[in-house]
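A short write-up of the structure that comes next.
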Amino acid sequence: MAYLKRIVLTFLTLLSLTVPAAAQSDDPLVFATVHRPPFADTEGDQITGFSIDLMRAIADQLGHEVVFEPNTRFGDMLSAVRSERVDGAIANISITAERERTMAFSQPIFGSGIKIMIPNEGSGASIFALFTWDIALVVLRGLALLFFGGLLMWFFERRVQPYFGKPAREALFPSFW
Numbered sequence: 262m263a264y265l266k267r268i269v270l271t272f273l274t275l276l277s278l279t280v281p282a283a284a285q286s287d288d289p290l291v292f293a294t295v296h297r298p299p300f301a302d303t304e305g306d307q308i309t310g311f312s313i314d315l316m317r318a319i320a321d322q323l324g325h326e327v328v329f330e331p332n333t334r335f336g337d338m339l340s341a342v343r344s345e346r347v348d349g350a351i352a353n354i355s356i357t358a359e360r361e362r363t364m365a366f367s368q369p370i371f372g373s374g375i376k377i378m379i380p381n382e383g384s385g386a387s388i389f390a391l392f393t394w395d396i397a398l399v400v401l402r403g404l405a406l407l408f409f410g411g412l413l414m415w416f417f418e419r420r421v422q423p424y425f426g427k428p429a430r431e432a433l434f435p436s437f438w
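First residue of the sequence shown: 262, per the numbering used here; consecutive thereafter.
Following this line, the structure appears as structure tokens:
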């Protein structure tokens, strides 16, 4: 029985040493990309860019060579990943729910956020461009509502609450507060 255990343990040890070696391949990683500066750009026959440099660094850490397969269309790049013609894709790829159903993503490396664009005319926009007559009317209506609401509060509470027992002129601020 002890002899059988030794044989099984020896076999499992040898198997555990050979499986990782078989999993590591000398084949280069093939990544699809598309022309999207500054993430992926073509300078002559050389592919460069932020995402390209990042993928080269990752492949270097993994001990692999990486080859980039340029695509002319964004959809072609994603199709190459879906059909498993390439190992992955690298560019400025937005993570959407539809794409997550068919592909796995790494952590996002870039957040674009929301941008506001205005025409580049004249000396530039001023902060006062935000204040229109419509906004001024809304603000004035709000102040009037507060003012009359405070006066109503003073009118009904002045006989019951000593805090409001002042004349109307002196009660304006406490009514707002």
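Glycine residues also receive a C-beta, built at the ideal position from the N, C-alpha and C atoms.
Subject >> Identity of the residues DSSP links to G349 by a beta bridge >> reply: The residue given as residue 349 occupies position 88 in the sequence shown. Under DSSP, the beta-bridge partners assigned to G349 are F292.
Subject >> Check whether M338 and A352 have beta carbons under 8 Å apart >> reply: In the sequence shown, counting from the first residue as 1, residue 338 sits at position 77. In the sequence shown, counting from the first residue as 1, residue 352 sits at position 91. Yes. Within cutoff.
Subject >> Whole-angstrom distance between D288 and S355, CA atom to CA atom >> reply: As a position in the sequence shown, residue 355 is number 94, starting the count at 1. As a position in the sequence shown, residue 288 is number 27, starting the count at 1. If you draw a straight line from the Cα of S355 to the Cα of D288, it is about 28 Å long.
Original post:
Which residue's Cα is closest to the Cα of Q290: A397, V421, G349 and L398?
Top reply: Translated into positions along the sequence shown, residue 290 becomes position 29. It is worth fixing the name first, because residue 290 is Leu in this sequence and not Gln. Residue G349 is the option with its Cα nearest to L290.
Original post:
Going straight from the alpha carbon of G411 to that of G426, what length do you get?
Top reply: One-based indexing of the sequence shown puts residue 411 at position 150. One-based indexing of the sequence shown puts residue 426 at position 165. Here the C-alpha atom of G411 lies approximately 14 Å from the C-alpha atom of G426.
**OP:** Could you check if S367 is buried or exposed, using at least 16 other CB atoms within 10 Å of its CB as the buried criterion?
**Re:** Mapped onto the sequence shown, residue 367 falls at position 106. With fewer than 16 other Cβ atoms inside 10 Å of its own Cβ, S367 counts as exposed.
Original post:
Rounded C-beta distance between F292 and F335? I'm assuming under 8 Å.
Top reply: Along the sequence shown, one-based indexing puts residue 292 at 31. Along the sequence shown, one-based indexing puts residue 335 at 74. 14 Å between Cβ atoms; not a contact.
Subject >> alpha helix (DSSP H) segment containing E359, residue limits >> reply: Working through the sequence shown from its first residue, we reach residue 359 at position 98. Here the alpha helix (DSSP H) through E359 covers A358 to T363.
**OP:** For D302, I'd like the list of residues in its chain whose CB is within less than 7 Å of its CB, leaving aside the five on either flank, ordered along the chain.
**Re:** Within the sequence shown, numbered from 1, the residue matching residue 302 stands at position 41. Excluding sequence neighbours, D302 sits near H296, T309 and G310.
Original post:
T329 lies in the beta strand (DSSP E); which residues open and close that run?
Top reply: In the sequence shown, the residue the question calls residue 329 occupies position 68. The displayed chain sequence assigns Phe, not Thr, to residue 329. V327 to N332 is the extent of the beta strand (DSSP E) around F329.
Original post:
Taking all protein chains shown into account, do 16 or more other C-beta atoms lie within 10 angstroms of the C-beta of W415, making it buried, or fewer, making it exposed?
Top reply: Residue 415 sits at position 154 when you count from the first residue of the sequence shown. So W415 ends up on the buried side.
**OP:** List the endpoints of the continuous alpha helix (DSSP H) containing D337.
**Re:** For this step, residue 337 is matched to residue 76 along the sequence shown. Taken as a continuous stretch (DSSP letters only), the alpha helix (DSSP H) holding D337 covers F335 to R343.
**OP:** Rounded to whole angstroms, what's the CA-CA distance from L391 to A397? Just pull it up for me.
**Re:** In the sequence shown, counting from the first residue as 1, residue 391 sits at position 130. In the sequence shown, counting from the first residue as 1, residue 397 sits at position 136. Their Cα atoms are separated by approximately 10 Å.
Original post:
What is the residue span of the alpha helix (DSSP H) that I308 lies within?
Top reply: The residue given as residue 308 occupies position 47 in the sequence shown. Note, I308: premise wrong, no alpha helix (DSSP H); beta strand (DSSP E) at Q307 to T309.
**OP:** Specify, as a first and last residue, the run of the beta strand (DSSP E) that D302 falls within.
**Re:** Residue 302 sits at position 41 when you count from the first residue of the sequence shown. It spans D302 to E304 - the beta strand (DSSP E) in which D302 sits, taken as one unbroken run.
Original post:
Any idea which residues DSSP pairs R297 with across the strands?
Top reply: For the purposes of this step, residue 297 is taken as the residue at position 36 of the sequence shown. For R297, the beta-bridge partners assigned by DSSP are A301.
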